[in-house]
Amino acid sequence: MPAIEWWPTLTDDHAALRARTDRNAGVTRLLDDDALVSSSVVANCMMNRERSLSGSNGYGRELGIDVMAELSARVRASTSVRWLDVCCGSGRAPVEAARLLADRGLTAHAEITGLDLVDHFVSGSRPPLLRLISGSVADWIPDGRFDLITCVHGLHYVGDKLGVLSRIASWLTGDGLFIANFDARSVRRADGTPAGRRLTTQLRAQGFAYDSARRRISRRGCAQTRFPYRYLGADDQAGPNYTGQPAVNSFYEPHP
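Per our numbering: the sequence shown = residues 10 to 265.
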């Protein structure tokens, strides 16, 4: 069983040295949220930098939904529609969607928000219905609820993944849709083993659907959810996940 140590914020040089020392000693070094934000694995994540709505690397392929069809149908059926794209990267996909809605004359009651940890958004003018915000999904506070919330490969780099899922569930409208890529194996027990079937059972008990084959998580409708786990910290040296890119494992212990 690997040992677990918790470490607060370190400089990059000290963190790298500590990681090498801990790995050699069989210790998993867990980071708090402040240290994780400074991690090169998180800060240098390129998963969504230039990802577009469609195409072989687009949102449709990754999430299995047509974002524009979802937005267009909702804006025609209701007085307003709000889309939040979490971990939006450069914001290319939200910008594309805003321009397409403008071209279709559907901007009057639509609002799009892109949220990303790094403020490296696409340059140029932005339609009035679009906001691109730099911030962490772990502590950002929205000004209202959303009809659609997406997160393409962003949860791989979040520390308290279950805490973020609970936050997102509370941001949905009554019939709002949330869908994201999610690797259940990245949620670990204190001994380093995957949380496994107990986790997926708890996800479903809290109203989330989990597709283990496609590694997608989704839910319909707002809820106040609570998972029976206490967050211990994150391991940014977990190595590549199923995408082939370095990712972050999140450690928890049971909490009644």
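We treat Cβ as the ideally placed atom computed from N, Cα and C, and that holds for glycine.
| Do you know how far the Cα of residue 179 is from the Cα of residue 233? | 6 Å
| request: Leaving out five residues on either side along the sequence, give the residues of the same chain with a beta carbon under 8 Å from the beta carbon of residue 45. | output: 51, 168, 243, 245, 257
| task | Between the Cα of residue 114 and those of 175, 252, 138, 100, spot the shortest distance and give me the residue it belongs to. | result | 138
| message | If I measure Cβ to Cβ from residue 71 and keep anything under 6 Å in the same chain, skipping five residues before and after, which residues do I get? | response | 161
| Cβ contact (3+ pairs, closer than 8 Å) linking the segment 115–128 and the segment 144–152 | yes
| field | Straight-line gap, residue 209 to residue 133 (C-alpha atoms, nearest Å) | value | 42 Å
| query | Which of the three DSSP states, helix, strand or coil, is assigned to residue 173? | reply | helix
| request: Look up residue 143 in the DSSP assignment and give the residues it is bridged to. | output: 125
| query | Do you know whose CA, among 200, 191, 236, lies nearest residue 6's CA? | reply | The requested residue 6 does not occur in the structure, where the chain is confined to residues 10 to 265.
| task | List the endpoints of the continuous beta strand (DSSP E) containing residue 229. | result | 225–229
| task | Along the alpha helix (DSSP H) that carries residue 79, what are the first and last residues, could you check? | result | 76–86
| request: Leaving out five residues on either side along the sequence, give the residues of the same chain with a beta carbon under 8 Å from the beta carbon of residue 75. | output: 69
| Given a threshold of 16 other Cβ atoms within 10 Å of its Cβ, counted over all protein chains shown, does residue 255 qualify as buried or as exposed? | buried
| query | Are the CB atoms of residue 287 and residue 204 nearer to each other than 8 Å? | reply | With the chain covering only 10 through 265, there is no way to say anything about residue 287.
| Going straight from the alpha carbon of residue 106 to that of residue 227, what length do you get? | 21 Å
| message | What does the alpha-carbon distance come out to for the pair residue 90 and residue 156? | response | 6 Å
| Anyone know if the C-beta pair for residue 136 and residue 111 falls short of 8 Å? | yes
| field | Which listed residue (43, 47, 83, 42) has its alpha carbon closest to that of residue 186 | value | 83
| Between residue 262 and the rest of its own chain, which residues show a CB-CB distance below 8 Å, the 5 nearest in sequence each way excluded? | 198, 199, 238, 239, 241
| Could you give the uninterrupted runs of the alpha helix (DSSP H) lying entirely in the segment 163–220, keeping only those of 4 residues or more? | 170–180, 206–214
| field | Cβ shell of residue 88 (< 7 Å), same chain only, five flanking positions each side left out | value | 118
| field | residue 59 classed as buried or exposed, judged by whether at least 16 other C-beta atoms fall within 10 angstroms | value | exposed
| Can you check whether the CB of residue 62 is closer than 8 Å to the CB of residue 77? | yes
| What did DSSP end up calling residue 259 once you bin it into helix, strand or coil? | strand
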